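Protein chains in written order, with this note's numbering: chain A, 627 to 890; chain B, 196 to 477. Note that CB positions come from ideal geometry on N, CA and C, so glycine has one too. Only a predicted model underlies this, so the values are computations on that prediction, with no experimental measurement involved. A short worksheet on the structure shown next.
Below is the structure:
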């Protein structure tokens, strides 16, 4: 089985997998989308990039994804980046409507020249992990919004990447579905020990999911401060209604306002 | 009322809707068939009541008789026209899709050659055809060229649009996963373009028939190997109006069959996933 089941180590003992050092991104020679961003991503981290729109969180994600290159600064993978090191989930499910669920999940392997049969087991396992093993042969249009998002997540983790990038993946879903997917995402992480960078503009979501929150400010886009959420996993509905959670949300919310106040 | 009570499964509104659905199902076939039958009947009556001579306007019965009587000759002509039409359509598909892919892969090729495609499209084929028949020795090739000129553009422009309308996030995803240009074309852009291409194909099917007929009018050569258009011209010179009508009916029927065939092809390829082919539940 090619899916690597990593074990999440306590914070402080996690090996580094990626670092951003003094990364700047300027568009059209005038708009500073990101200024002096430093970030170390360690194996097993669940990092949320939290901030108002225009703070460069999506820019940071696109830089890490290699969709664009920094104007200045360095982004380096520990040990170099290998194919399959990265999984991506966008705000939209971004599935190919003409392909079945299993064929969609096959895509990262297919683009590396692997036949469907050769990676069938990984595809099945990824779909099982997101609870869609019964829908292999369905077409995306037959699925609900939440299920499409699950397919998108299965596709991101099928190669058992070192890092999964998620760009506001649940923003377009309804509250109930979002909560369910948040819970399931944490279960999934506990099972396979994936490392996640999660872009969101929801304080509640970032506190519930992450162990590190990077609060960003706008104009110019930059990191304002970093918070550590030291509530133990597993986190479930009990955590969501606990006083701890409320206190952490207050703290994160204050940090966000600090960042926005600076920008105003 | 408690949850244990049996649920009424139907109400007046639902029954009304079900009835409307049933009626529509029958009417979809019955209405067009009835109107066509009525129109033919009216045509027949107009001819009889006004005692119109058959060399001005033949009745539908006479047209049908002529169709049967001249069947051998008309069938030969039909086969010629159908052959040119289908060959032109095939060449239009190859040329249209080929050019669209070329334009898509190279912006400079598009900038350089797109104006030619537009010029070819906007110049009426009847005005170019005489020249084509001067320069092209082989009559068949000339006919094909004319029909192709008319038919390739909708395929080119639709396929170009389709290739460019692949989802942007999917493009990003393909980049992230290190797709080659060929992989992006094969797995993303061509499937995205399929519905657009099929739309263009349906237009081109009709146009290649028009192109074939018009070209034949211009070419005008008779004898063996002549298509329906030539038979119409010939019958016109001889004031054999019923035969003109019979040939005309065959051309129209051919157009309908081509359109139906291409619509069926489109449905077969798209019904599993594309919005245009989906039935709404309510």
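With a contact defined as Cβ atoms closer than 8 Å, residue 651 of chain A and residue 689 of chain A qualify at about 6 Å. DSSP, reduced to helix, strand and coil, places residue 452 of chain B within a helical segment of the structure shown. Only exposed fits residue 637 of chain A, as fewer than 16 other CB atoms lie within 10 angstroms of its CB. Taking 8 Å as the CB threshold, residue 384 of chain B stays off the interface with chain A. Beta-bridge annotation (DSSP): residue 786 of chain A is not paired with any residue. The alpha-carbon separation between residue 885 of chain A and residue 852 of chain A amounts to approximately 11 Å.
A contact is defined here as three or more CB-CB pairs under 8 Å, and the segment 663-683 of chain A meets this definition with respect to the segment 835-851 of chain A.
With contacts defined as CB atoms closer than 8 Å, residue 834 of chain A and residue 866 of chain A qualify as a contacting pair. The C-beta distance from residue 399 of chain B to residue 350 of chain B rounds to 5 Å, short enough to fall under 8 Å. The three-state secondary structure of residue 713 of chain A, taken from DSSP, is strand. Taking C-beta atoms as the reference points, residue 704 of chain A and residue 665 of chain A fail to come closer than 8 Å. Taken through DSSP and simplified to helix, strand or coil, residue 247 of chain B comes out as coil.
For residue 703 of chain A, there is no enclosing alpha helix (DSSP H); the residue is part of the beta strand (DSSP E) that begins and ends at 698-703. The beta carbon of residue 691 of chain A falls within 8 Å of a beta carbon belonging to chain B, placing the residue at that interface.
If you look at residue 640 of chain A, you'll find it isn't in any alpha helix (DSSP H); DSSP assigns it neither H nor E. Listed in chain order, the non-local C-beta contacts of residue 680 of chain A below 8 Å within the same chain comprise 844, 845 and 847, local neighbours out to five positions each way being set aside. Counting only runs of at least 4 residues, the segment 389-446 of chain B fully encloses the following alpha helix (DSSP H) elements, listed from N- to C-terminal order: 423-432. Runs of alpha helix (DSSP H) with 4 or more residues, each lying fully within the segment 266-317 of chain B, are found at 266-300 and 302-317, listed in chain order. Taking the Cα of residue 297 of chain B as reference, the smallest distance to any Cα among B:358, B:331 and B:233 is reached at B:358. DSSP places residue 726 of chain A outside both helix and strand once states are collapsed to three, so it counts as coil. Around the beta carbon of residue 303 of chain B, fewer than 16 other beta carbons lie within 10 angstroms, which makes this residue exposed. Residue contact check for residue 794 of chain A against chain B: no CB pair falls below 8 Å. Close to chain A, meaning a Cβ-Cβ distance shorter than 7 Å, are the following residues of the segment 346-368 of chain B: 362, 364, 365, 367 and 368. Annotation: the segment 795-849 of chain A contains the following complete segments of the alpha helix (DSSP H) (minimum length 4 residues), in chain order: 801-818 and 829-835. A Cβ-Cβ contact shorter than 8 Å links residue 723 of chain A with residue 766 of chain A.
Among the residues facing chain A, residue 372 of chain B is included, as its CB has a counterpart in that chain under 8 Å away. In terms of Cβ geometry, residue 254 of chain B and residue 243 of chain B form a close pair [threshold 8 Å].
Neighbours of residue 712 of chain A across chain B, judged by C-beta separation under 7 Å: 371. With a cutoff of 8 Å on beta-carbon distance, residue 791 of chain A and residue 818 of chain A are scored as not near each other. Taking the C-beta atoms as reference points, residue 361 of chain B is found nearer than 8 Å to residue 383 of chain B.
Below the 7 Å Cβ cutoff, chain A contributes no neighbours of residue 316 of chain B, its closest Cβ being approximately 29 Å away. Bridge pairing for residue 651 of chain A: A:660 [DSSP]. DSSP, reduced to helix, strand and coil, places residue 742 of chain A outside both helices and strands of the structure shown, so it counts as coil. The CB of residue 467 of chain B comes closer than 7 Å to the CB of 765 in chain A, given here in chain order.
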